[in-house]
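Residues 1 to 235, numbered by the numbering used here, are exactly what the sequence shown covers, in order.
Think of the CB as a built atom: it goes at the ideal place given N, C-alpha and C, for glycine as much as any other residue.
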Amino acid sequence: MELIVVKSQLEGAKKCFDLLNEAMAGGAKTLGLATGSTPVEFYNQVVNSGLDFTDMTSVNLDEYVGLDGSNEQSYRYFMNKHFFEEKPFKENFLPNGKATDLEAEAKHYDQIIENHPIDWQILGIGQNGHIGFNEPGTPFEATTHVVDLTESTIKANARFFEHEDEVPKKAISMGLASIMKSKKIVLMAYGESKAEAIKGMIEGEKTTALPASILQDHAHVIVIADEAATSLLSK
Ligand code: F6R
């Protein structure tokens with residue numbers, strides 16, 4: 001893993017934007033995308049750039065179960081607002097959180113990932129070390145699956161909802177095995193609340209108790225993190 005320490009989220013977003021530029025210049029056609037607060041500044045950089053995505057495909061990591069794209073808390077809504085409305089793609093894929101048969105939807109999403117191998121994946125990281133919504137304990141072999149969100153994730157995401165009890169309890173997420181198939185990965189982390197997870201991911205043992213530690217086995221991972229998020233690293 002390569003680590004780039006930055007002074008601010010804005011500096012990190014600009015670095016990430018440079019890496020995206022490089023990836024697209026090198027022929028990347030399918031982007032793996034994330035939601036949450038971590039990539040917002042990066043998406044701002046992208047929508048204010050001259051980059052053209054009309055020949056590109058995006059595949060998102062996850063979606064809440066029970067929310068459709070018209071719901072402001074859904075990840076589809078988030079992506080439309082922060083990225084796709086400004087920069088149209090050839091195709092945008094997110095899991096369908098309103099599917100009546102969620103198991104079938106998971107299989108269908110795996111097929112989508114297989115048909116659109118991800119060239120360049122961006123990730124955030126949960127305070128508990130999750131990536132996508134692969135919570136601690138998720139097997140490293142997991143493909144797309146339905147997830148029971150942990151208390152820690154529900155609490156962390158409650159800031160986007162009026163009340164904590166409005167946070168959906170389930171999500172559908174790309175699995176760790178699918179994330180590992182991405183050719184290149186850029187993970188961003190900002191703030192002290194991510195410091196434990198970043199330490200475990202980089203310096204800890206590889207364990208399903210900290211899902212992001214699987215990235216130690218990936219040949220092309222760049223971590224962009226600020227000083228607070230890297231404050232617990234020993235070197
Ligand atoms: C979002 C996702 C999650 C977030 C993580 C960090 O699509 O897959 O893994 O990246 O929960 O969230 P923020 O960026 O809000 O701290």
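{"query": "Pair within 9 Å by beta-carbon distance, ILE224 and CYS16", "result": "yes"}
{"query": "Any beta strand (DSSP E) of 3 or more consecutive residues that is wholly inside the region 68-134", "result": "91-93 and 120-123"}
{"query": "Those residues which DSSP pairs with ASN60 across a bridge", "result": "LEU33"}
{"query": "Contact under 9 Å by Cβ, GLY137 with GLY36", "result": "no"}
{"query": "Pairwise C-alpha distance: LEU94 and GLU63", "result": "7 Å"}
{"query": "N-terminal and C-terminal residue of the alpha helix (DSSP H) that SER152 is part of", "result": "151-157"}
{"query": "C-alpha distance - ALA106 paired with TYR77, whole-angstrom precision", "result": "20 Å"}
{"query": "C-beta atoms of SER182 and ASP119 nearer than 9 Å", "result": "yes"}
{"query": "Contact between the region 83-102 and the region 50-60 (3+ Cβ pairs under 8 Å)", "result": "yes"}
{"query": "Whole-angstrom distance between GLU203 and THR150, CA atom to CA atom", "result": "24 Å"}
{"query": "Start-to-end residues for the beta strand (DSSP E) that takes in ALA229", "result": "From DSSP, ALA229 is part of no beta strand (DSSP E); its letter is neither H nor E."}
{"query": "Opening and closing residue of the beta strand (DSSP E) in which VAL146 lies", "result": "145-148"}
{"query": "Residues near VAL221 in its chain [Cβ-Cβ closer than 6 Å; skip 5 each side]", "result": "MET1, ILE185 and LEU215"}
{"query": "Alpha carbon of GLU227 to alpha carbon of GLY129, nearest angstrom", "result": "18 Å"}
{"query": "At least three beta-carbon pairs within less than 8 Å, the region 95-102 to the region 168-177", "result": "yes"}
{"query": "Check: GLY132 C-beta below 8 Å from any heavy atom of the ligand F6R", "result": "yes"}
{"query": "Own chain partners of ALA229 with C-beta closer than 8 Å, once the 5 adjacent residues on each side are dropped", "result": "ALA189, TYR190, GLY191, GLU192, LYS194, ALA195 and ILE198"}
{"query": "Nearest candidate by alpha-carbon position, reference ALA219, set GLN73, GLU135, MET180 and ASN48", "result": "MET180"}
{"query": "Other residues of its chain near THR38: CB distance less than 6 Å, five sequence neighbours each side excluded", "result": "GLY124 and MET188"}
{"query": "Cβ-based neighbour list, LEU102, same chain, cut-off 7 Å, excluding 5 preceding and 5 following", "result": "VAL65, VAL146 and ILE172"}
{"query": "Endpoints, the alpha helix (DSSP H) within which LYS199 is located", "result": "195-203"}
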